[in-house]
Each structure stands twice: as C-alpha cells, then as structure tokens.
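What follows is a single structure, written as structure tokens, with notes after it.
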Amino acid sequence: MILKLAYYGNPILRKKGQLIENVTDEIKQLVFDMFETMYHYDGIGIAAPQVHHSLSLFVMCVPKVISEDQVEKGTERVFINPKILEYDQKTWLRGEGCLSIPKVYGEVERPISIKVEAMDLNGNIFTETFYDLEARCIMHEKDHVDGKLFIDRIHGKQRKEMEPYLQTIKKKYKDF
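If you're matching positions, the sequence shown starts at 2 in our numbering and goes up one per residue.
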C-alpha cells in the first residue's frame, strides 16, 4: 500500500522517532509499505516519519552503477534503531533532495563512509560499513529519524535561495 507522505512543515518531520523494541507483524507491514511508497515516488530511501510514523526506522535501496550506461537495482535494506558508530574524516559535497521536500535540492557535505549498527527485519543486530551514496542515503534517512532535514545542513546563500520554495511547499501541503 502506498502511504501518504508527510511534507515540509509537518511537525512529525521534526520529532525524534521512538525506538522499536520488537519487530512485530505491524512493523513488517509498515516496512513493506515503505518500500512500495519509496518506489512509487522514485526514491532511494524513506524514513518512518516521512510516512507519518514517529519511529526509528528507515529503508533504502540504492541503485548500483555498473557502467556509464548500466544501472542495476540495489539491495533492499532495513534499518531499525540505527546508530552511526564511526564517521570517515574525508567528506564530499553532493546534491541531495527529499521526498518530503519536493523539487528542492541542495549541496550537502557528508562523510564518505560510515559504520552503522542497526536491527534488521528479523530482529538481528548488525554492524556494517557503508560507502559513497549508500553512506549518504543512510545519513540522510538517519537525520529524518532524529527530527532533522537535509536543508538544516545547508547555510548561507544556498539556504536563503531555498526559502521561497520551502514556504510554497509548506502552504501547498499544509494538510499533509
């Protein structure tokens, strides 16, 4: 089932998600619906607060670039109660967007790799190092479960130029 998105201005996007104690059938269904919603909106990641659930949960599926002409579907990943344990000192600046802030993009500096601990859909804790776009996607979605948005990491002229678009989104989706 495609879930209703929460858009910029919705207070749920600014709340810290609650920790999940057990992976219930309801959580499994929510994860399934989150993947369906993410694909419907052409995303590579989506967090529970973006679909009106204040939980510490996100999913992602980052495409794998094989060559300049060939891209394959990535691996579907579930992160429950994620923690970032280590951040690489090396960073990179890259454009980001967000399903909850449609058609707004900005350059965000983030570490090139991270080490993450989370629970999977079977209730197992895993620790893994992620690189490049997967690491960026995890940090972006982890921000969501912490009540932060990618625009919070943008400052100065770039952020100021976004403001009219942000206000338009807030008005357009005020009931979402």
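Where is the CB? At the ideal position from N, CA and C, for every residue including glycine.
Looking at the secondary structure, which residues open and close the beta strand (DSSP E) in which residue i lies?
i: Ile85; result: Arg78 to Tyr88
i: Ile13; result: Premise fails: Ile13 is in no beta strand (DSSP E) and is neither H nor E.
Could you have a look at residue i and say whether DSSP puts it in helix, strand or coil?
i: Thr38; result: helix
i: Tyr132; result: strand
i: Gly46; result: strand
When you compare each of the options to residue i by their alpha carbons, which one comes out closest?
i: Tyr42; options: His156, Pro83, Glu162 and Ile102; result: Ile102
i: Ile21; options: Ala119, Gly98 and Gln71; result: Ala119
i: Gln30; options: Lys17, Leu58, Glu69 and Gly44; result: Leu58
i: Ala136; options: Asn123, Lys91 and Ser55; result: Lys91
i: Leu4; options: Val52, Lys17 and Ser68; result: Val52
i: Cys138; options: Asp176, Glu97, Lys84 and Leu167; result: Glu97
i: Gly44; options: Gly75, Glu69, Thr169 and Ser68; result: Gly75
i: Leu167; options: Gly46, Leu56, Val105 and Ile155; result: Val105
i: Ile152; options: Leu100, Phe127, Tyr174 and Met35; result: Leu100
i: Glu77; options: Leu14, Asp70 and Tyr40; result: Tyr40
i: Asp147; options: Asp70, Ile85 and Leu134; result: Ile85
Considering residue i, what are the terminal residues of the alpha helix (DSSP H) in which it resides?
i: Glu164; result: Gly157 to Lys173
What does a CB cutoff of less than 7 Å around residue i pick up in its chain, not counting 5 residues either side in sequence?
i: Glu129; result: Val117
i: Phe131; result: Ser114, Ile115, Val117 and Ile139
Near residue i, what residues of its chain come up, given a Cβ to Cβ distance below 6 Å and the 5 sequence neighbours on each side ignored?
i: Met140; result: Arg111
To which residues of the same chain is residue i closer than 8 Å at the C-beta, ignoring the five residues directly before and after it?
i: Gln159; result: Gly107 and Glu108
i: Val32; result: Leu58, Val60, Val79 and Leu122
i: Tyr174; result: Tyr8, Tyr9, Gly10 and Asn11
Does chain D have any CB closer than 7 Å to the CB of residue i?
i: Met61; result: The chain inventory of the structure shown lacks chain D, comprising one protein chain alone.
Is there at least one non-hydrogen atom of the ligand ATP closer than 6 Å to the beta-carbon of residue i?
i: Met120; result: The ligand ATP is not part of this structure, which contains no ligands at all.
Just to confirm the assignment: which complete alpha helix (DSSP H) runs, minimum length 4, are found wholly within the segment 53-127? none
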